[in-house]
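Residues in the sequence shown are numbered consecutively from 155, following the working numbering. Don't be surprised by glycine CBs; every beta carbon is placed ideally from N, CA and C.
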Amino acid sequence: GTYKIKAYVLDSNNKISEFITKNIEITSMRLSEYIMSQYTGTQGENNIYYHDSRLSHGAKDNSYRYAGASADVKNYICIGSSATTCPTDNLYRIIGVFGDNNHGVSGQQLVKVIKNTTYGKLAWNTSNSNDWASATLNKTINTSFITEKLYEIENEIATVTWKVSGYDNANSTVNTLYTAEITNTTKTHTAKIGLMYVSDYGYATIPDYWTTNLYNYSSAAKNKDWLCLGSTEWLVSPFTFKSGSKLSASAWIVNSSGYVSGSINLTDTFEVRPSFYLLSSVNYIGGDGTKNSPIRIN
């Protein structure tokens, strides 16, 4: 913004000079711009991959996504605290920067983040329905979680279109899953808070494993995936088991071993890490993205 600066000189006899007025323009870098600036043009530099049409097996959605082992990826961000040392509960991690076709907000590059630690163990739903719009977990993270954890920055979180048609085959590569759960979605839900997609998890490992079926993830793939929590957690996408003519409603999970699958019971309690998109108006203030010096925003 533009700031008007006034200055004068006061001598030892308390005589005041004329005021000098000057307008100074102070510009801040958008958080999304900062993240995109860390992509050097070389895929994987600074652990960022630009998913344009040329990236083999990528999402091809022009997103900028972090990928690699947790210790290598500098994508920590402090949200809701100005303390010199960011409290553990305020640490999040940046999944990436996403454009229009990802979230239904026109003309904006939004920064998607996920809580670094679990919010707690919760059921996906208290009934046998894998409709995300009516799921008790969806309602909890869009009420209690916001009130408890995000009340100071709620206005900086975008209301977006979550893709919630889901998919029913864990023996799929990340690109197949992205196409099924994002590109070909037929069901959406509008809200501020969600969970990560299966494809978010799949693209957070290095490209060597993008052609591996996520159900068959090895320790090597898991160890190069910074989104792997190390304990079983819920994802936002529904999963429907098919056994003959019988359908069983479920939802996707990342297993504690690092592979993805469908959970048999929606009423099971697994770890929950809420995820959301920061508005494009959020500015980068400082920090290098390490855990000890997380990115700070306005």
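Please classify residue i as buried or exposed, where buried requires at least 16 other C-beta atoms within 10 Å of its C-beta.
i    : result
T163 : The residue you asked about is not Thr; residue 163 is Val in the sequence shown. Exposed: under 16 other Cβ atoms inside 10 Å.
Y355 : buried
N446 : exposed
M183 : exposed
N111 : Outside the shown range of the chain (155 to 452) lies residue 111, about which nothing can therefore be said.
K127 : There is simply no residue 127 to check, as the chain begins at 155 and stops at 452 in what is shown.
A334 : buried
D379 : buried
K169 : exposed
Y371 : buried
P448 : buried
I174 : exposed
A225 : exposed
Identify, in the order they occur along the chain, each residue of the same chain with its Cβ nearer than 8 Å to the Cβ of residue i, setting aside the five sequence neighbours on each side.
i    : result
D243 : T271 and K303
G274 : E425 and V426
T301 : none
S298 : none
N452 : S182, V436, N437 and I439
A345 : N292, N296, T313, V314 and W316
S235 : P241 and N244
N367 : A324, N325, S326 and T327
Which value, in whole angstroms, describes the spacing of the CA atoms of residue i and residue j?
i    : j    : result
A237 : T196 : 35 Å
V390 : A403 : 14 Å
E425 : Q262 : 31 Å
G198 : A221 : 8 Å
G416 : E387 : 11 Å
I418 : S191 : 42 Å
T359 : D422 : 27 Å
Y230 : Y431 : 15 Å
T444 : I248 : 11 Å
E179 : Y204 : For E179, the pLDDT reaches just 48, beneath the cut-off of 50, and the residue's location in the model is therefore unreliable, leaving the point undetermined.
Y413 : A405 : 14 Å
S260 : E310 : 16 Å
M350 : D442 : 24 Å
N201 : G320 : 28 Å
Y363 : P241 : 33 Å
S166 : R450 : 43 Å
D322 : S373 : 23 Å
Q336 : G253 : In the sequence as presented, Gln is not what sits at residue 336; that position holds Ile. Answer to the nearest angstrom: the Cα atoms are 13 Å apart.
K228 : T394 : 36 Å
T294 : Y305 : 14 Å
A289 : V408 : 19 Å
E187 : H257 : 18 Å
Would you grab the beta carbon distance between residue i and residue j for me? Rounded to a whole angstrom, and I think it's under 8 Å.
i    : j    : result
L185 : Y438 : 5 Å
I189 : I307 : In fact, because the Cβ distance is near 18 Å, the residues do not count as touching under 8 Å.
W286 : V265 : Not a contact, Cβ separation roughly 22 Å.
L381 : S353 : Rounded, the Cβ-Cβ distance is 11 Å, inconsistent with contact.
G348 : S434 : Actually they are not in contact, since the Cβ atoms of G348 and S434 sit about 18 Å apart, beyond 8 Å.
Only counting the same chain, and skipping five residues up and downstream in sequence, which positions put a Cβ closer than 7 Å to that of residue i?
i    : result
N377 : A223
T365 : H211 and T327
G384 : S410
Y369 : A324, N325, Y413, V414 and S415
Y246 : I231, I233, V267, I268, K269 and N270
L420 : A277, W278, N279, N282, N284, A403, S404 and A405
Y218 : I189, M190, Y193, I202, Y204, G250 and V251
L209 : Q197 and Y203
Going by beta carbon distance, what residues of the same chain come within less than 6 Å of residue i, once the five residues before and after it are set aside?
i    : result
S207 : K214
H343 : W286, A287, W316 and V318
N329 : H211
P392 : N284, G320 and A405
If we require 3 or more residues per run, which beta strand (DSSP E) segments fall completely within the segment 304-356?
314-317 and 342-345
Going residue by residue through the segment 219-287, where are the continuous beta strand (DSSP E) segments of at least 3 residues, counting only ones entirely within it?
230-232, 245-252, 264-269 and 274-277
Ranges of the beta strand (DSSP E) found wholly within the segment 165-207, counting only runs of at least 3:
174-179 and 202-205
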